[in-house]
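Note sheet for the following structure.
There are 2 protein chains.
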Amino acid sequence: MTYTGSLLSIDKNLQIPVYLQIANGIIAHIRQGVLKPGSALPGSRILATTLYVHRKTIVAAYDELYAQSWVDTFPRKGIFVAKNLPDVTPRNIVADSKTGSYPEKTFFMVDQNKIPFPEVFKAPPAYNLIINDGYPDTRLAPVELLVREYRRFANYHFLPKYLTYGPEQGSENLRIELARFLADTRGLNISPEHILITKGAQMAIYLTAEILITKNDTVIAGDPGFLGANDIFKHAGANLELVPVDEYGMDMDAVEEICKRKKVKLIYVIPHHHRPTTVTLSSERRMRLLELATRYRFAIVEDDYDYDYHYSSSPILPLASLDYCGSVIYIGSFSKTIAPGIRIGFMISPKNLIIQATRLRKLIDRQGEQLLEEAMANLLKNGDIGRHLKKSNKIYHERRDMFCQLLQKNLEGLVEFNVPDGGFAVWMKYLNGIKPQDVAEKALSAGLSISNGTAYFDDENYQHHYIRAGFASLTPKEMEDAIEILARVVKKLNGL
Amino acid sequence: MTYTGSLLSIDKNLQIPVYLQIANGIIAHIRQGVLKPGSALPGSRILATTLYVHRKTIVAAYDELYAQSWVDTFPRKGIFVAKNLPDVTPRNIVADSKTGSYPEKTFFMVDQNKIPFPEVFKAPPAYNLIINDGYPDTRLAPVELLVREYRRFANYHFLPKYLTYGPEQGSENLRIELARFLADTRGLNISPEHILITKGAQMAIYLTAEILITKNDTVIAGDPGFLGANDIFKHAGANLELVPVDEYGMDMDAVEEICKRKKVKLIYVIPHHHRPTTVTLSSERRMRLLELATRYRFAIVEDDYDYDYHYSSSPILPLASLDYCGSVIYIGSFSKTIAPGIRIGFMISPKNLIIQATRLRKLIDRQGEQLLEEAMANLLKNGDIGRHLKKSNKIYHERRDMFCQLLQKNLEGLVEFNVPDGGFAVWMKYLNGIKPQDVAEKALSAGLSISNGTAYFDDENYQHHYIRAGFASLTPKEMEDAIEILARVVKKLNGL
Numbered sequence: 024m025t026y027t028g029s030l031l032s033i034d035k036n037l038q039i040p041v042y043l044q045i046a047n048g049i050i051a052h053i054r055q056g057v058l059k060p061g062s063a064l065p066g067s068r069i070l071a072t073t074l075y076v077h078r079k080t081i082v083a084a085y086d087e088l089y090a091q092s093w094v095d096t097f098p099r100k101g102i103f104v105a106k107n108l109p110d111v112t113p114r115n116i117v118a119d120s121k122t123g124s125y126p127e128k129t130f131f132m133v134d135q136n137k138i139p140f141p142e143v144f145k146a147p148p149a150y151n152l153i154i155n156d157g158y159p160d161t162r163l164a165p166v167e168l169l170v171r172e173y174r175r176f177a178n179y180h181f182l183p184k185y186l187t188y189g190p191e192q193g194s195e196n197l198r199i200e201l202a203r204f205l206a207d208t209r210g211l212n213i214s215p216e217h218i219l220i221t222k223g224a225q226m227a228i229y230l231t232a233e234i235l236i237t238k239n240d241t242v243i244a245g246d247p248g249f250l251g252a253n254d255i256f257k258h259a260g261a262n263l264e265l266v267p268v269d270e271y272g273m274d275m276d277a278v279e280e281i282c283k284r285k286k287v288k289l290i291y292v293i294p295h296h297h298r299p300t301t302v303t304l305s306s307e308r309r310m311r312l313l314e315l316a317t318r319y320r321f322a323i324v325e326d327d328y329d330y331d332y333h334y335s336s337s338p339i340l341p342l343a344s345l346d347y348c349g350s351v352i353y354i355g356s357f358s359k360t361i362a363p364g365i366r367i368g369f370m371i372s373p374k375n376l377i378i379q380a381t382r383l384r385k386l387i388d389r390q391g392e393q394l395l396e397e398a399m400a401n402l403l404k405n406g407d408i409g410r411h412l413k414k415s416n417k418i419y420h421e422r423r424d425m426f427c428q429l430l431q432k433n434l435e436g437l438v439e440f441n442v443p444d445g446g447f448a449v450w451m452k453y454l455n456g457i458k459p460q461d462v463a464e465k466a467l468s469a470g471l472s473i474s475n476g477t478a479y480f481d482d483e484n485y486q487h488h489y490i491r492a493g494f495a496s497l498t499p500k501e502m503e504d505a506i507e508i509l510a511r512v513v514k515k516l517n518g519l
Numbered sequence: 024m025t026y027t028g029s030l031l032s033i034d035k036n037l038q039i040p041v042y043l044q045i046a047n048g049i050i051a052h053i054r055q056g057v058l059k060p061g062s063a064l065p066g067s068r069i070l071a072t073t074l075y076v077h078r079k080t081i082v083a084a085y086d087e088l089y090a091q092s093w094v095d096t097f098p099r100k101g102i103f104v105a106k107n108l109p110d111v112t113p114r115n116i117v118a119d120s121k122t123g124s125y126p127e128k129t130f131f132m133v134d135q136n137k138i139p140f141p142e143v144f145k146a147p148p149a150y151n152l153i154i155n156d157g158y159p160d161t162r163l164a165p166v167e168l169l170v171r172e173y174r175r176f177a178n179y180h181f182l183p184k185y186l187t188y189g190p191e192q193g194s195e196n197l198r199i200e201l202a203r204f205l206a207d208t209r210g211l212n213i214s215p216e217h218i219l220i221t222k223g224a225q226m227a228i229y230l231t232a233e234i235l236i237t238k239n240d241t242v243i244a245g246d247p248g249f250l251g252a253n254d255i256f257k258h259a260g261a262n263l264e265l266v267p268v269d270e271y272g273m274d275m276d277a278v279e280e281i282c283k284r285k286k287v288k289l290i291y292v293i294p295h296h297h298r299p300t301t302v303t304l305s306s307e308r309r310m311r312l313l314e315l316a317t318r319y320r321f322a323i324v325e326d327d328y329d330y331d332y333h334y335s336s337s338p339i340l341p342l343a344s345l346d347y348c349g350s351v352i353y354i355g356s357f358s359k360t361i362a363p364g365i366r367i368g369f370m371i372s373p374k375n376l377i378i379q380a381t382r383l384r385k386l387i388d389r390q391g392e393q394l395l396e397e398a399m400a401n402l403l404k405n406g407d408i409g410r411h412l413k414k415s416n417k418i419y420h421e422r423r424d425m426f427c428q429l430l431q432k433n434l435e436g437l438v439e440f441n442v443p444d445g446g447f448a449v450w451m452k453y454l455n456g457i458k459p460q461d462v463a464e465k466a467l468s469a470g471l472s473i474s475n476g477t478a479y480f481d482d483e484n485y486q487h488h489y490i491r492a493g494f495a496s497l498t499p500k501e502m503e504d505a506i507e508i509l510a511r512v513v514k515k516l517n518g519l
């Protein structure tokens, strides 16, 4: 097919001269492959007629293309797309780059240690049974209800409001409903202005760290602990001080020891079902922690992601509910309440911090998903979230009991664990020196994904025998199958 | 109603001693208001019977409550909820705090200048006509199609995959479809591994800046320009060097001047419809910019958010499509293609930078909305996005023409503007020294929201007479009404 140039569009009202519009259009066609190297271009007279422009304009366009090496001209033959298309990069500088292929590396330096924490997501093989690290069962998530709410918003009259730019602090409706929900469930006496809606608890921790921490500030966290938070604090420039976690939570004597030695900026604490060990911070230690924060003037970052799931006892009310002086930043998430894929979390603090966090949030991603936030506000308002929690608490309670019984029955003498009072996982120790890595590897080839014990201790090389075994995402049948495989593997490693 | 304690739950398998479980449960009830100050608690014998525990356990629980000052005991009368409930904060330190109310300020210092850029979102009055800064019309967004895709995923078999943790780099399906889409529309020769899915272009700029910039690095941007990006570079510690923008885009002589004086780390450029002035960077300047980047080894951040909307001429292919040495980071967004509320953007670069950006992204918010990303992948795959672009390009083209004609007709001699070749807004100057602030103020009281001219120039105090007037979100009727009000206001300010 002969190229006629009829697809070139011209607008004489534009600031760009017409000859350049034509040249750029032809370059586009060459780059898109519409015009192949070596193919003929129409004569200037013909193209001028096609495009209703003066012939001189076409000559100027062709001159431009020739100057940029996009075309070759041969006297008495005409003008042709160049066989060697222009490479705008001087070849001697990047000798190794291949024309036309996307470069392997940037031309400028990128510090590969700027963020040293590697991405880790690997999807497990689809045919596998999974004992995960302790997540809710996504199959129980009220997605039908979410979609119902989306449908409600997919309405001509709502769209101008919820599909455009909105409040950086998050949906006002959601903050109103959340303040009510947190008052009812946690005794928090806050108003919507104290809430910033984030993408999961992760973003709340990130914002807090970036605002509060300056280089070499001391941050205290538990060991073992949640490395996803530790990485954020390290990235913000903090020196981490780790304190042991026992059956009552973080060791407050150790915390006070550190406070006496140096100025502490903040402490990161998971008061319910400490991740990974599932212990709950005792009431005495909570009181002690608040006193220490007041005495030594540090911030408490209270990550209470697991508050909504208790099977045995009432949850202890958050530190934030007892905090009358503004020591506590309270963080929570619907990612655990509903599903990890629902990326709605929140941070709660006095307004001077919320303002700074909101501004940073605006720099990072402008705002959250308004439709999702509005849908969640409605689900909270009409009680759907409450009903979901009630229903899923019952199911997870049963699953916890069954999981612990199965462990007891099938792995007696081979593992050690305490029954957790809530949450989604059991903190379990392999006895007789069996290594989690070995179990994970053997289990995988038998069709079961299970933790290999990494990402619990800050020293990744520390050899221990613990894993988190999530029970919440397994139906009774899956649980039986999974523990049967696990028992077989562990017994074999024990020489049984 | 007498409090019997029957709602207290106990689990003997727990790590927490039973007496503490009981004490904590009672504290929770006090805090929730189930137990009022001064109300009687059941005797230890009675409560022991109710809860099936030894009486000593109840005595220990009450001792704990007394020690923590939650209860008072009166000999021969019994045990009562304390009238003055414990305030865990020593009063002398925070004399101004009121017990029970949420604190006004944090107890620790928060630097209010850490992020100096204030949040700005203000919803306009609902009854107003709006000439916005140039956004797509959300009423045209294919939300019905999005909801259709959501429904498809709200299926038992998909949920375990898409509602749990997923790839930090973004949906693989979306990256595959996007690579195809970008090859078709922009001549970009990339594969999915070169793409990071972000929350809007904003997050892509943030990640790039945080990874590449160290304190006092020089960054070049246009003036006037997009202050949302400038704020990010300043926050990352950059020294901004501003270069003028004329009718062919950023002044490359000025860029080279700076390069000769000092080491430049990166340049931020909006090649199509520069924000705010709507000019397109000419082909010669594009070539020149790539050459300068290669010679002076700086990074080009190419924010091409407006590529998909051209009404008069073909778009010029991205710098990234001509970049064989890895100088260019290409940034785009569906927030402009579809609606600002759809927070999906992307950055494209060689893998060494994508790896770092992905790791930082994981620290910030773990991952994007998988359901939304999968839905968008399907819309790209089955051509819905292509059809939407075709349809909306036609509509916006007509709206641009009509808007410019109305301006011409109603405000001749009072404003000056060029017809933009694409995008969503006209860059318009009020003549005769009329100030944008005055127009905006008077227009607002007449029922029209319109830009007051801030947020275009880096020096916010610079007195100029320009605004961006968005035509894309206005129907013909709304447009007529809006420009009628505008004309009335501007004429009055001109004394006509």
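Sequence lines, in order, name chains A and B.
Using our numbering, read the first sequence as starting at 24 and increasing by one per residue.
Using our numbering, read the second sequence as starting at 24 and increasing by one per residue.
Heads up, the beta-carbon is just placed ideally off N, CA and C, and yes, glycines get one too.
In this text, all values refer to a predicted model and were calculated from it rather than measured experimentally.
Three-state secondary structure assigned by DSSP to residue i
i        : result
VAL292/A : strand
ILE116/B : Reliability fails at ILE116/B, whose pLDDT of 33 lies under 50, so the model's placement of it is uncertain and no value is given.
VAL513/A : helix
ARG366/B : coil
VAL111/A : Reliability of the predicted coordinates at VAL111/A is poor, the pLDDT of 46 falling under 50, and the value obtained from them is presented with this limitation in mind. Here VAL111/A sits in coil by DSSP.
GLU264/B : strand
THR122/B : The pLDDT assigned to THR122/B is 45, lower than 50, so where the model puts this residue is not dependable; a value taken from the coordinates is nonetheless given after this. In this structure, THR122/B counts as coil in the three-state DSSP scheme.
SER32/A  : coil
TYR273/B : Reading off the sequence, residue 273/B comes out as Met, not Tyr. MET273/B falls in the strand class under three-state DSSP.
ILE371/B : strand
ASP220/A : Checking the displayed sequence, the identity of residue 220/A turns out to be Ile instead of Asp. DSSP places ILE220/A in strand when its eight states are reduced to three.
ILE153/B : strand
ASP246/B : strand
ILE102/B : strand
VAL94/B  : strand
GLU501/A : helix
Bridge-paired residues (DSSP) for residue i
i        : result
ARG491/B : TRP450/B
GLY476/B : Looking at the DSSP assignment, GLY476/B forms no beta bridge with any residue, so it has no partner.
GLU325/A : VAL292/A and TYR353/A
LEU471/B : LEU152/B
ALA435/B : Strictly speaking, residue 435/B in this sequence is Glu, with Ala absent from that position. Partner(s): VAL438/B.
GLY391/B : Looking at the DSSP assignment, GLY391/B forms no beta bridge with any residue, so it has no partner.
VAL287/B : THR241/B
GLY48/B  : According to DSSP, which records beta bridges pairwise, GLY48/B is partnered with nothing at all.
Supposed close pair residue i, residue j - CB separation, criterion 8 Å
i        : j        : result
ASP160/A : SER496/A : 4 Å
SER344/A : GLY210/A : 4 Å
GLY364/A : LEU289/B : At roughly 34 Å, the Cβ-Cβ gap does not stay under 8 Å, so GLY364/A and LEU289/B are not in contact.
* Asked: Are the stretch 276-288 of chain B and the stretch 225-232 of chain B touching, with three or more C-beta to C-beta distances below 8 Å?
  -> Contact fails: fewer than three Cβ-Cβ distances are below 8 Å.
* Is there contact between the stretch 211-223 of chain A and the stretch 186-195 of chain A, where contact requires at least three CB pairs shorter than 8 Å? -> Below 8 Å, enough C-beta pairs join the stretch 211-223 of chain A and the stretch 186-195 of chain A to call them touching: three or more.
* To do: State whether the stretch 250-257 of chain B contacts the stretch 229-237 of chain B, with contact taken as three or more CB pairs (one from each stretch) at a distance under 8 Å.
  => Taking a cut-off of 8 Å on C-beta distances, the stretch 250-257 of chain B touches the stretch 229-237 of chain B, as three or more cross pairs fall below it.
* At a Cβ cut of 9 Å, what residues of the stretch 432-465 of chain A count as close to chain B, listed as they run along the chain? -> If the cut-off is 9 Å between Cβ atoms, the stretch 432-465 of chain A has ASN441, VAL442, PRO443 and ASP444 near chain B.
* Does the pairing of the stretch 445-464 of chain A with the stretch 128-145 of chain A give three or more beta-carbon distances under 8 Å? -> Cβ pair count under 8 Å is below three, so no.
* Asked: When you check each C-beta in the stretch 196-212 of chain B against every C-beta of chain A, which residues fall closer than 7 Å?
  -> Residues are counted here when their Cβ sits less than 7 Å from a Cβ of chain A; for the stretch 196-212 of chain B these are GLY210 and ASN212, given in chain order.
* Asked: At a cut of 8 Å, does the stretch 316-334 of chain B reach the stretch 126-138 of chain A through at least three beta carbon pairs?
  -> Touching, yes, given that three or more Cβ pairs across the two stretches are closer than 8 Å.
* To do: Taking only beta carbons into account, state which residues of the stretch 390-419 of chain B come closer than 9 Å to chain A, listed in chain order.
  => The stretch 390-419 of chain B vs chain A, Cβ under 9 Å: GLN390, GLY391, GLU392, GLN393, LEU394 and LEU395.
* Asked: Are the stretch 411-420 of chain A and the stretch 307-317 of chain A touching by the rule of at least three beta carbon pairs closer than 8 Å?
  -> Result no; under three Cβ-Cβ pairs closer than 8 Å.
* Asked: Would you call the stretch 45-53 of chain B and the stretch 501-508 of chain A touching, i.e. three or more CB-CB distances under 8 Å?
  -> With fewer than three CB-CB distances shorter than 8 Å, the stretch 45-53 of chain B does not count as touching the stretch 501-508 of chain A.
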